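Note sheet for the following structure.
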Amino acid sequence: MNAPVPVSLLVNGEPIDAFVLPRLNLADFLRENLKLTGTHVGCEHGVCGACTVRLDGEIVRSCLMLTVQAQGASVETIEGLSDSGEIADLQAAFRERNALQCGYCTPGMLITAQDLLKHVSVPDRRAIREHLSGNYCRCTGYQAIVDAVEATAKMRAERGV
Amino acid sequence: MKAAAFAYARATSVVNALELLAMHGDKAKVLSGGQSLMPAMNLRLLSPDILVDIGGLAELRGITVRGDVLVVGALTRHVDLLRSPEIALHARLLRDAVAHVAHPAIRNRGTIGGSLAHADPASELPACVVALDATIVVRGSAGGRRIAATEFFRGIYETALLPDELLVAVEVPVAGQGSTFFFQEYARRHGDYAVVGLAARAVVAAGRFSALRLGFFAVGDRPLLAVAAGKLINATVTPALLAEAATALADELDPHEDQQATAAMRRHLAMVLLRRCVAALLARPELGMGVGK
Chain A
3 MNAPVPVSLL
13 VNGEPIDAFV
23 LPRLNLADFL
33 RENLKLTGTH
43 VGCEHGVCGA
53 CTVRLDGEIV
63 RSCLMLTVQA
73 QGASVETIEG
83 LSDSGEIADL
93 QAAFRERNAL
103 QCGYCTPGML
113 ITAQDLLKHV
123 SVPDRRAIRE
133 HLSGNYCRCT
143 GYQAIVDAVE
153 ATAKMRAERG
163 V
Chain B
5 MKAAAFAYAR
15 ATSVVNALEL
25 LAMHGDKAKV
35 LSGGQSLMPA
45 MNLRLLSPDI
55 LVDIGGLAEL
65 RGITVRGDVL
75 VVGALTRHVD
85 LLRSPEIALH
95 ARLLRDAVAH
105 VAHPAIRNRG
115 TIGGSLAHAD
125 PASELPACVV
135 ALDATIVVRG
145 SAGGRRIAAT
155 EFFRGIYETA
165 LLPDELLVAV
175 EVPVAGQGST
185 FFFQEYARRH
195 GDYAVVGLAA
205 RAVVAAGRFS
215 ALRLGFFAVG
225 DRPLLAVAAG
235 KLINATVTPA
245 LLAEAATALA
255 DELDPHEDQQ
265 ATAAMRRHLA
275 MVLLRRCVAA
285 LLARPELGMG
295 VGK
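Structure representation (structure tokens):
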């Protein structure tokens with residue numbers, strides 16, 4: 003009954019076929035099976051946001067999702083967003099504004115911030131804080147993180163991106 | 005922590021899902037968005053033998069208007085409620101409420117049917133469907149039935165759903181002329197579960213309520229449709245009358261105590277929300293001042 007189930011999905015554009023136990027969550031699958039360790043596992047009940055990935059273009063908690071639920075879906079992790087250059091400017095702003103701190107929350111923060119910037123071109127600081135409110139920074143580096151997201155939004159607006 | 009082992013079945017249709025539920029009874033759990041179910045399983049509060057995944061059933065997703073009823077499919081996600089023009093036009097209360105439900109990544113997965121079937125007394129949508137006088141549409145192996153939202157919630161995580169039944173849709177009467185809504189909650193942080201909340205629908209004509217439904221949440225084991233609202237209908241709302249309704253509300257509530265608030269604090273906050281709600285819906289800010297008992 004609890005036997006492995008076949009699953010086929012795209013991860014960062016690459017087709018993946020695997021047999022997984024139903025209980026294996028997507029975060030563990032990405033980390034343990036695919037060695038994509040940028041996706042972090044924090045609280046495992048959807049509170050901290052360290053496991054945030056994109057599923058068919060929308061951000062989700064990969065710890066609150068079974069790998070088998072991703073059947074046929076396209077998953078993008080921080081490695082995908084980073085390698086494609088999609089968030090190079092956001093990453094640079096995080097470095098410049100000292101928003102990295104210990105870095106544990108950073109992948110989730112970057113994916114969540116990029117999600118906001120895709121939907122709202124120049125969000126104000128309140129909107130940035132609200133959008134990131136589901137992502138915890140244990141170093142409490144929120145001020146610098148909001149600075150970095152705000153700076154990126156303004157730079158993109160100037161460049162007309 | 006990780007979920008205990010379970011078997012998994014991906015339902016191919018509603019009929020197939022019902023067959024699976026009939027086969028496994030209360031050993032099965034329905035998985036839709038999973039945003040409440042997965043944490044409960046990860047914390048080992050639940051360990052079903054099998055999950056019946058209805059996530060792929062497109063027939064259960066979507067928002068349509070049929071005459072004067074808005075039909076919201078059970079798999080409609082929170083983000084869809086937030087973005088839907090039909091919801092904004094006919095049942096704005098749902099949109100206002102969803103803005104308080106968790107965070108974007110969770111709203112992208114969580115579904116209205118899942119939230120209602122889960123029946124957390126501190127969650128927003130159960131109180132909304134009670135305030136909206138909605139009907140919960142359910143299918144079982146023996147056929148379908150329709151349950152008034154006020155009859156659906158039975159206790160903490162308890163509903164009128166039987167183990168072999170599936171919540172398939174919610175029917176909401178469309179907002180008529182003069183309909184207004186109010187939604188507000190106290191939470192420690194935006195996106196957290198409410199300490200106390202209020203979802204309300206009213207019809208206001210000539211400065212009076214011709215209808216007023218107050219759905220309080222996180223003040224009991226299920227959403228509560230406040231009887232105290234009756235005092236304010238077809239009456240000129242004076243500060244004295246509102247104080248009387250607030251006292252009646254406090255008597256009606258039997259809130260629980262937890263690490264977030266005492267029962268007395270929950271009663272107090274419910275009275276504050278009542279005042280704010282009435283003041284906002286009647287556009288009379290002076291009524292929102294003070295909380296007399």
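If you're matching them up, the sequences are chains A and B in order.
Residues 3 to 163, numbered by the working numbering, are exactly what the first sequence covers, in order.
Residues 5 to 297, numbered by the working numbering, are exactly what the second sequence covers, in order.
Virtual Cβ for every residue (Gly too), placed ideally from N, Cα, C.
It should be emphasised that the depicted structure is a prediction, and the values quoted were computed from it without experimental measurement.
Note the first and the last residue of the continuous alpha helix (DSSP H) segment covering residue i.
| i | result |
| --- | --- |
| Y144(A) | Y144 to R161 |
| Q116(A) | T108 to H121 |
| I58(B) | That residue, I58(B), is in no alpha helix (DSSP H); it is neither H nor E in DSSP. |
| A198(B) | Neither: A198(B) is in no alpha helix (DSSP H) and is coded neither H nor E. |
State the start and end residues of the unbroken beta strand (DSSP E) segment that holds residue i.
| i | result |
| --- | --- |
| F221(B) | R212 to F221 |
| E60(A) | E60 to R63 |
| P177(B) | E169 to P177 |
| P17(A) | E16 to V22 |
| G82(A) | Looking at the DSSP string, G82(A) is not in any beta strand (DSSP E); the run it does join, the alpha helix (DSSP H), is I80 to D85. |
So residue i contacts chain A; which residues on that side make the cut at Cβ distance below 7 Å?
| i | result |
| --- | --- |
| I110(B) | G48, R63 and G136 |
Expressed to the nearest angstrom, what Euclidean distance is found between the alpha-carbon atoms of residue i and residue j?
| i | j | result |
| --- | --- | --- |
| V13(A) | L57(A) | 9 Å |
| T242(B) | L273(B) | 20 Å |
| G15(A) | E81(A) | 11 Å |
| A8(B) | A5(A) | 13 Å |
| I160(B) | A179(B) | 29 Å |
| S127(B) | A222(B) | 7 Å |
| V34(B) | R14(B) | 10 Å |
| K297(B) | T114(A) | Note that K297(B) scores a pLDDT of 46, beneath 50, so its modelled location is shaky; the value from the coordinates is reported in the next line. Going from the Cα of K297(B) to the Cα of T114(A) covers about 45 Å. |
| F220(B) | G114(B) | 22 Å |
| C45(A) | S119(B) | 21 Å |
| T16(B) | R149(B) | 22 Å |
| R127(A) | T54(A) | 21 Å |
| A94(A) | H121(A) | 21 Å |
| A78(B) | A244(B) | 43 Å |
| Q181(B) | A209(B) | 9 Å |
| A191(B) | N137(A) | 17 Å |
| A204(B) | E132(A) | 24 Å |
Go ahead and label residue i buried or exposed: buried means 16 or more other beta carbons lie within 10 angstroms of its beta carbon, across all protein chains shown.
| i | result |
| --- | --- |
| N238(B) | exposed |
| E63(B) | exposed |
| E34(A) | exposed |
| D117(A) | buried |
| P130(B) | buried |
| N100(A) | exposed |
| K6(B) | exposed |
| T139(B) | buried |
| C132(B) | buried |
Under 8 Å by Cβ, that's how I've got residue i and residue j pegged, so tell me the actual separation to the nearest angstrom.
| i | j | result |
| --- | --- | --- |
| G195(B) | H107(B) | 5 Å |
By the criterion of Cβ-Cβ separation under 7 Å, what are the contact partners of residue i in chain B?
| i | result |
| --- | --- |
| E132(A) | H194 |
| V70(A) | Y12 |
For a contact defined as C-beta to C-beta under 9 Å, what are the partners of residue i on chain B?
| i | result |
| --- | --- |
| R25(A) | K6, A7, A8, A9, F10, Y12 and M45 |
Give the residues of chain B in contact with residue i, contact being defined as C-beta atoms less than 8 Å apart.
| i | result |
| --- | --- |
| L28(A) | The contacting residues do not exist; L28(A) stays about 10 Å from chain B at best. |
| N4(A) | A9, F10 and A11 |
Taking Cβ-Cβ distances shorter than 9 Å, what residues in chain A pair up with residue i?
| i | result |
| --- | --- |
| H272(B) | Going along chain A, no residue has its Cβ under 9 Å from H272(B), so there is no contact; the nearest lies around 26 Å. |
Taking C-beta pairs closer than 8 Å, name the residues in chain A that residue i reaches, listed in chain order.
| i | result |
| --- | --- |
| M2(B) | This structure gives no information on residue 2(B), because the portion of chain B shown stretches from 5 to 297. |
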